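*Asks:* From first to last, the protein sequence lines stand for chains A and B.
Each residue of the first sequence is one higher than the one before, starting from 126 at the first, in this note's numbering.
Each residue of the second sequence is one higher than the one before, starting from 126 at the first, in this note's numbering.
Number of protein chains: 2
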Amino acid sequence: MRDMRGVVCCFILFVSITTQSSIGKTRHLKWEVEYMHWSPDGVEGTVMAINGRFPGPTIRARAGDTIHLELMNKLHTEGLVIHWHGIRQLGTPWADGTASISQCAINPGETFLYKFQLDKAGTYFYHGHYGMQRLAGLYGSLIVEVAKGENEPFKYDGELNLLLSDWWHKSFHELQVDLFSKPMRWVGEPQSLLINGRGQYNCSLAAHFSNYSTSPCKLRGDEQYAPQVLYVYPNKTYRLRIASTTSLSLLNLAIENHRMLLVEADGNYIEPFSVQNMDISSGESYSVIFTTDQNPKRNYWISISVRGRNPKTPQGLTILNYHLNSASTIPESPPPVAPRWDDESYSKAFYNKIFALKGNPKPPAKHDRRLVLLNTQNFIEGHTKWAINNVSLVLPSTPYLGSIRYGLSKGFDQEPPPDSYGHGYDVMKPASNKNSTYGSGVYMLRFNATVDVILQNANMIKDHVSEIHPWHLHGHDFWVLGYGEGKFTEKDEGRFNLKNPPFRNTGVVFPYGWTTLRFVANNPGVWAFHCHIEPHLHMGMGVVFSEGVRKIKEIPSEALSCGLTQKMFMKNSKY
Amino acid sequence: MRDMRGVVCCFILFVSITTQSSIGKTRHLKWEVEYMHWSPDGVEGTVMAINGRFPGPTIRARAGDTIHLELMNKLHTEGLVIHWHGIRQLGTPWADGTASISQCAINPGETFLYKFQLDKAGTYFYHGHYGMQRLAGLYGSLIVEVAKGENEPFKYDGELNLLLSDWWHKSFHELQVDLFSKPMRWVGEPQSLLINGRGQYNCSLAAHFSNYSTSPCKLRGDEQYAPQVLYVYPNKTYRLRIASTTSLSLLNLAIENHRMLLVEADGNYIEPFSVQNMDISSGESYSVIFTTDQNPKRNYWISISVRGRNPKTPQGLTILNYHLNSASTIPESPPPVAPRWDDESYSKAFYNKIFALKGNPKPPAKHDRRLVLLNTQNFIEGHTKWAINNVSLVLPSTPYLGSIRYGLSKGFDQEPPPDSYGHGYDVMKPASNKNSTYGSGVYMLRFNATVDVILQNANMIKDHVSEIHPWHLHGHDFWVLGYGEGKFTEKDEGRFNLKNPPFRNTGVVFPYGWTTLRFVANNPGVWAFHCHIEPHLHMGMGVVFSEGVRKIKEIPSEALSCGLTQKMFMKNSKY
């Protein structure tokens, strides 16, 4: 296990498989979404279930395949969309599944067809992208294997998959009301961490090792909250896919006694490196390789722990079960201990170890446009909000894609938000810009422009607090050119990594720091770029990019059946 | 007070003011609906608030006035409609506010214009009619005074208004999931009864008189759950308007020591009669006249109590405050005691005392069509449902009004539901018709036909249980021709009251009994007819009537912006 680099071989460039590929199959799926009682952590609540299951079904397909998914909304009064996180939707920007941006919410009783190609292999997931429906449990795994006849640049005997999430006992409807109240009521820390939708709240798998009076779990194994055990054979090599769709939590993951070799991040190969444990932010995905070279007479913990916030949530746990041991045999030692929650240097060191695998496309050497996006927490009319360069994003009722394609100027604020912030701003002090406003303006990007985004973190409303934010870009991967402390200045440009920066769809900005991302605006469509923390996004922490929309010939009218686009269609109807 | 008939005078026929009336004003209103934290009974929950208030604002207008109400949906993911209960929508069937029937739900961020004329004076209310949004608190009072220069057929010095409702602590979203689960989880009895949106759960205004260890309420008066005191002067005559928008409860209302003279039911004048207390079903409204002729040195209770179901809900209480007494002085005696919950004979006697005031329009002597609607409780695919003649109503995603107007045969089941049920059916035994199905068929009524509806009650799934159901008809008033026990037979026709049957929009059917209603299908539109108990309707206890739809020239496209009507508009668009 010490030198897993030996398994890395045969790298084949997949990142640019296009929709023209004719090698793939079409995968036909029919899904129905409805609320159901579910017990993700032993406490019954309500989840948004797909086809009667939580989490939703795992999609497994090959690069080049086309997904043909009929999504039926069986909710009583609520709309619905599903976003395919990490899929770039080349040529199908209306299938990105972002309400108000790429499409109208699907009304109750209606079916929407998501048809799109899986442009490259990787570990992805899907989730609701309307209101806070992700927090309600609308998510699942999306795994894209390499195209037939192709090989991964590493070898393994078996594959395992973990989808990580966090879970609240208060219903998502109530949390939504809380968040929009005056004064705001914060969602607080989640009650449980879930691994593949399963956690334990009233008991602990590791009660024996606990100093607290937690009772041990008495499980038959068929409970909705029984852990999904990972079955392995000794002395084999496994690929473990990991994706985090948490609504809030930055997690640290470990497999007891097993080092992990990171090989993939967000559907892109990375220069392999080995870790004892790893951070994973909401919106990120990884593949790690590990070998079952430990004592085969016992089982081992797989643990996830909250980092970045003072954790009030117990570790999420499941069991790595070596073949011939009973799956219910609890490991002999306590679960792995994560780095301290406030050890930022650990996270920084971790993220700074991630580089693109050799052969990955390199970023353009120069940018055509640079956006410096300062995030601040502000009050607007008594509500607590997040703002980017003083604008707190409010989504319009007409999807941007339709408004921009058809020139409906009343669809959103025509004044674009600022490219930067006032440079006198002190990022180390509580938000001084009390004048934040709501806005729905769009950054109009020239098609094929190389765009730099500098995420600039700052102090929140409260003194001495700045949080880590994972920013996710739709429709693209971006290069993470670098991280820095304090306020970004032009001098920092010298430190950009243009040689082998990781290519990702989610990038973190550290407390009081900056992060520079670079991407090429070469995917016609309108794309959200936002903090992947669910309440932060809904408090306005996001922006919208538009590029090459005039190149889009026709948008399926089903995607635009609301707001002004609908009115436009109706006005022009012969009825 | 003993002879209040003296105040009844000057009767003027109002029931047929039409939309052609040009006497009225246009009342412009702008409403925004959003969820808010609220404490209707001292326990905080979430309500659907209008303009930041619960209940919604009281609309007060005159007969002949036009309501011009822009309703903005500020919910995050849910659609919305508002039904104007008791307003017949003459000439504006698209403004009836019933999702799937008269219009599409208003999407989040969208505004819908409700424009309709108040065709006659009376005591009405409004409420949500999408999913179970009424249960979520989306309701308010709608009071229509007689047109300027006209007089009521009774006199009074002052007017008071009570809107009655029931309240659950579990959120309506969860109750909705419960109801649709397999097996169904019943909503159970409400935690509180509300008078004008106010009740007391953790304390009692009448704690002094209670045998239980209820604590007395300590109120400043500005709490959201403080009772709305009714202020009166001694020796005056008051009109008390009462409407019930309960989701479940049949109530009994009393004013301590004051007899009430009933003068109006559902916006129609009735032959005045005096009572000590009165039953009021969900969907009904009344006006009563009372005189403040009691000892002016004290205050008096106004009480509402659950009847028809074994009550687990405390009485709802407020205070009738005689001028110069302190409003916070609790009455000297215990609150009124309602008739026993299971005393059906009381209810029957009460309803049998209600007759139309002389001069009211009489029903046509003969019917053109007769529907016999048997209600049964059934299982369908493991779900507990209500069915009418074996069909459990499921609402389609395209509004019937649009499907029928534009001949979209895929909009709903083209096979109409049966006009009657199998006559061998034993209404005294548990439901034998296990083969109920879901259906969305429509009773197509010939325009101007006189239609009899015989509501036939029966035993539920459980042995020895049959419940009272209040049926509400949209778009019309109907004459209640009679009530009977057991199974209706043609012989019972001899007992119909064709002389002075009450003209109403809501009629009850007693346990194991039948009720005959007659109406003229003279209002072009599509109209719901359903049990007004919110969970019963959503378990399928309703039917749909269509009449004269071809006479409707144009339906505002905003009302049809979903489902097949939308597709039709879009297909015919030049885009």
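By construction, the Cβ of each residue, glycine as well, lies at the ideal position given by its N, Cα and C atoms.
Just so you know, these numbers come straight off a predicted model, no measurement behind them.
Taking 7 Å as the threshold (beta carbon to beta carbon), is residue 255 (chain B) in contact with chain A?
*Replies:* In the second sequence, residue 255 (chain B) corresponds to position 130, counting from 1. At least one chain A Cβ lies under 7 Å of residue 255 (chain B).
*Asks:* Return helix, strand or coil for residue 688 (chain B), following the three-state DSSP convention.
*Replies:* As a first step, residue 688 (chain B) must be located in the second sequence, where it is residue number 563. If DSSP states are grouped into helix, strand and coil, residue 688 (chain B) belongs with the helices.
*Asks:* Against chain B, which members of the stretch 192-211 of chain A pass a CB distance test of less than 7 Å?
*Replies:* Taking 7 Å as the Cβ-Cβ cut-off against chain B, the residues of the stretch 192-211 of chain A that qualify are 201, 202, 203, 204.
*Asks:* Can you tell me which of B:548, B:619, B:409 puts its alpha carbon nearest to the alpha carbon of residue 252 (chain B)?
*Replies:* To locate residue 252 (chain B), count along the second sequence from 1; it is residue 127. Looking at the Cα atoms, B:409 is the closest of the given residues.
*Asks:* Could you compute how far the alpha carbon of residue 489 (chain B) sits from the alpha carbon of residue 403 (chain B)?
*Replies:* For the purposes of this step, residue 489 (chain B) is identified with residue 364 of the second sequence, where counting begins at 1. For the purposes of this step, residue 403 (chain B) is identified with residue 278 of the second sequence, where counting begins at 1. So the two alpha carbons sit approximately 30 Å from each other.
*Asks:* Under 7 Å between the Cβ atoms of residue 602 (chain B) and residue 609 (chain B)?
*Replies:* On the second sequence, position 477 is the one that residue 602 (chain B) refers to. On the second sequence, position 484 is the one that residue 609 (chain B) refers to. Contact: no.
*Asks:* Does residue 232 (chain B) get closer than 7 Å to chain A when you measure Cβ to Cβ?
*Replies:* Sequence index remark: in the second sequence, residue 232 (chain B) carries index 107 (1-based). Yes - at least one Cβ of chain A is within 7 Å of the one on residue 232 (chain B).
*Asks:* Nearest to residue 95 (chain A) by CA position, among A:150, A:368, A:516, is which residue?
*Replies:* As shown, chain A starts at 126 and ends at 700. That puts residue 95 (chain A) outside it, with no answer to give.
*Asks:* At a CB-CB cut-off below 7 Å, which residues of chain A make contact with residue 306 (chain B)?
*Replies:* Here the question's residue 306 (chain B) lines up with position 181 in the second sequence. 162, listed in chain order.
*Asks:* Where do the N-terminal and C-terminal ends of the beta strand (DSSP E) with residue 669 (chain B) fall, by residue?
*Replies:* In the second sequence, counting from the first residue as 1, residue 669 (chain B) sits at position 544. Looking at the DSSP string, the run of the beta strand (DSSP E) that includes residue 669 (chain B) is 667-672.
*Asks:* With three or more beta-carbon pairs closer than 8 Å as the criterion, would you say the stretch 357-367 of chain A touches the stretch 589-600 of chain A?
*Replies:* No, because fewer than three Cβ pairs between the stretch 357-367 of chain A and the stretch 589-600 of chain A fall closer than 8 Å, the two stretches do not touch.
*Asks:* Taking the Cβ atom as the reference point for each residue, do residue 510 (chain B) and residue 500 (chain B) lie within a distance shorter than 7 Å?
*Replies:* Reading the second sequence from its first residue, position 385 is the one you call residue 510 (chain B). Reading the second sequence from its first residue, position 375 is the one you call residue 500 (chain B). Not a contact, by the Cβ cut-off of 7 Å.
*Asks:* Since residue 650 (chain A) and residue 674 (chain A) are thought to touch, with beta carbons under 8 Å apart, how far apart are those beta carbons, to the nearest angstrom?
*Replies:* Position 525 of the first sequence, counted from the start, is the residue given in the question as residue 650 (chain A). Position 549 of the first sequence, counted from the start, is the residue given in the question as residue 674 (chain A). Indeed they touch by this definition, with Cβ atoms about 7 Å apart.
*Asks:* So if DSSP puts residue 632 (chain A) in a beta bridge, which residue, or which two residues, is it bridged to?
*Replies:* Residue 632 (chain A) sits at position 507 when you count from the first residue of the first sequence. Looking at the DSSP assignment, residue 632 (chain A) forms a beta bridge with A:596.
*Asks:* Determine the extent of the alpha helix (DSSP H) in which residue 527 (chain B) is found, giving its start and end residues.
*Replies:* Within the second sequence, residue 527 (chain B) is the residue found at index 402, counting from 1. Unbroken alpha helix (DSSP H) run through residue 527 (chain B): 525-530.
*Asks:* For residue 553 (chain B), which residues of its own chain have a beta-carbon under 8 Å away from its beta-carbon, when the five flanking residues on both sides are left out?
*Replies:* Along the second sequence, one-based indexing puts residue 553 (chain B) at 428. Excluding positions up to five away in sequence, the list reads 583, 584, 611, 637.
*Asks:* Can you tell me the Cα-Cα spacing of residue 240 (chain B) and residue 441 (chain B), whole angstroms?
*Replies:* What you label residue 240 (chain B) is simply residue 115 of the second sequence in a count that begins at 1. What you label residue 441 (chain B) is simply residue 316 of the second sequence in a count that begins at 1. Rounded to whole angstroms, residue 240 (chain B) to residue 441 (chain B) spans 35 Å at the Cα level.
*Asks:* If you compare alpha carbons, which of B:483, B:158, B:377 is closest to residue 434 (chain B)?
*Replies:* Position 309 of the second sequence, counting from 1, holds the residue named residue 434 (chain B). Taking only the C-alpha atoms, the option nearest residue 434 (chain B) is B:377.
*Asks:* Between the alpha carbons of residue 515 (chain B) and residue 282 (chain B), how many angstroms are there, rounded?
*Replies:* Start at 1 with the first residue of the second sequence, and residue 515 (chain B) comes out as number 390. Start at 1 with the first residue of the second sequence, and residue 282 (chain B) comes out as number 157. When rounded, the distance between both Cα atoms is 51 Å.
*Asks:* Where DSSP assigns a beta bridge to residue 330 (chain A), which residues make up the other side?
*Replies:* Start at 1 with the first residue of the first sequence, and residue 330 (chain A) comes out as number 205. According to DSSP, residue 330 (chain A) bridges with nothing at all.
*Asks:* On the DSSP bridge list, what partners appear for residue 187 (chain A)?
*Replies:* Taking the first sequence and counting its residues from 1, the one referred to as residue 187 (chain A) is at position 62. Answer is A:270.
*Asks:* Counting only beta-carbon atoms, is residue 687 (chain B) nearer than 7 Å to chain A?
*Replies:* Along the second sequence, read from residue 1 onward, the residue named residue 687 (chain B) stands at position 562. Yes, contact with chain A.
*Asks:* For the stretch 274-296 of chain A, enumerate the residues whose C-beta is nearer than 9 Å to any C-beta of chain B, in chain order.
*Replies:* Of all residues in the stretch 274-296 of chain A, 296 have a Cβ within less than 9 Å of some Cβ in chain B.
*Asks:* Short of 6 Å in beta carbon distance, which residues of its chain neighbour residue 146 (chain B), apart from the five on each side in sequence? Order them along the chain.
*Replies:* On the second sequence, position 21 is the one that residue 146 (chain B) refers to. Confidence at residue 146 (chain B) is low in this model, with a pLDDT of 45, below 50, so its placement is unreliable and no value can be given for it.
*Asks:* Note down the Cα distance separating residue 658 (chain B) from residue 293 (chain B), rounded to an integer number of angstroms.
*Replies:* In the second sequence, counting from the first residue as 1, residue 658 (chain B) sits at position 533. In the second sequence, counting from the first residue as 1, residue 293 (chain B) sits at position 168. So the alpha carbons of these two residues sit roughly 14 Å apart.
*Asks:* Excluding five sequence neighbours on each side, which residues of the same chain lie with their C-beta closer than 8 Å to the C-beta of residue 648 (chain A)?
*Replies:* Translated into positions along the first sequence, residue 648 (chain A) becomes position 523. Counting only Cβ-Cβ distances below 8 Å, and skipping sequence neighbours, we find 213, 214, 215, 218, 600, 601, 672, 673.
*Asks:* Taking the beta carbon of residue 301 (chain A) as the centre, do at least 16 other beta carbons fall within 10 Å, making it buried, or is it exposed?
*Replies:* Along the first sequence, one-based indexing puts residue 301 (chain A) at 176. Buried: at least 16 other Cβ atoms inside 10 Å.
*Asks:* What's the gap between the Cα of residue 126 (chain B) and the Cα of residue 250 (chain B)?
*Replies:* Residue mapping note: residue 126 (chain B) aligns to position 1 of the second sequence, counting from 1. Residue mapping note: residue 250 (chain B) aligns to position 125 of the second sequence, counting from 1. A caution first: residue 126 (chain B) carries a pLDDT of 33, below 50, which makes its placement in the model unreliable, though a value can still be read off. Going from the Cα of residue 126 (chain B) to the Cα of residue 250 (chain B) covers about 28 Å.
*Asks:* Exposed or buried, residue 454 (chain B), counting other C-beta atoms within 10 Å across all chains shown (16 or more means buried)?
*Replies:* As a working mapping, residue 454 (chain B) is identified with position 329 in the second sequence. With fewer than 16 Cβ atoms within 10 Å of its Cβ, residue 454 (chain B) is classed as exposed.
*Asks:* Report buried or exposed for residue 401 (chain A), applying the criterion of at least 16 other Cβ atoms within 10 angstroms of its Cβ.
*Replies:* Position 276 of the first sequence, counting from 1, holds the residue named residue 401 (chain A). Answer is exposed; the Cβ neighbour count stays below 16.
*Asks:* Distance, Cα to Cα, residue 115 (chain B) vs residue 456 (chain B)?
*Replies:* Outside the modelled stretch of chain B, which goes from 126 to 700, sits residue 115 (chain B), for which no answer is possible.
*Asks:* By Cβ distance below 8 Å, which residues in the same chain neighbour residue 556 (chain A) in space, the five residues on each side in sequence not counted?
*Replies:* By one-based count along the first sequence, residue 556 (chain A) stands at place 431. Hits under 8 Å: 501, 502, 503, 583, 584, 585, 586.
*Asks:* Report back the beta-carbon spacing between residue 227 (chain B) and residue 684 (chain B) to the nearest angstrom; my notes put them in contact at under 8 Å.
*Replies:* For the purposes of this step, residue 227 (chain B) is taken as the residue at position 102 of the second sequence. For the purposes of this step, residue 684 (chain B) is taken as the residue at position 559 of the second sequence. About 7 Å; that satisfies the 8 Å criterion.
*Asks:* Is the beta carbon of residue 606 (chain B) sitting closer than 7 Å to the one on residue 571 (chain B)?
*Replies:* Here residue 606 (chain B) corresponds to residue number 481 of the second sequence, with the count starting at 1. Here residue 571 (chain B) corresponds to residue number 446 of the second sequence, with the count starting at 1. Not in contact: residue 606 (chain B) and residue 571 (chain B) (Cβ atoms no closer than 7 Å).
*Asks:* Applying the criterion that 16 or more other CB atoms from any shown protein chain within 10 Å of the CB defines a buried residue, is residue 467 (chain B) buried or exposed?
*Replies:* Looking up residue 467 (chain B) in the second sequence gives position 342. Classification of residue 467 (chain B): exposed, given that the 10 Å Cβ count is below 16.
*Asks:* Could you check whether the Cβ of residue 171 (chain B) sits closer than 7 Å to any Cβ belonging to chain A?
*Replies:* Walking along the second sequence from the start, residue 171 (chain B) turns up at place 46. Residue 171 (chain B) counts as touching chain A.
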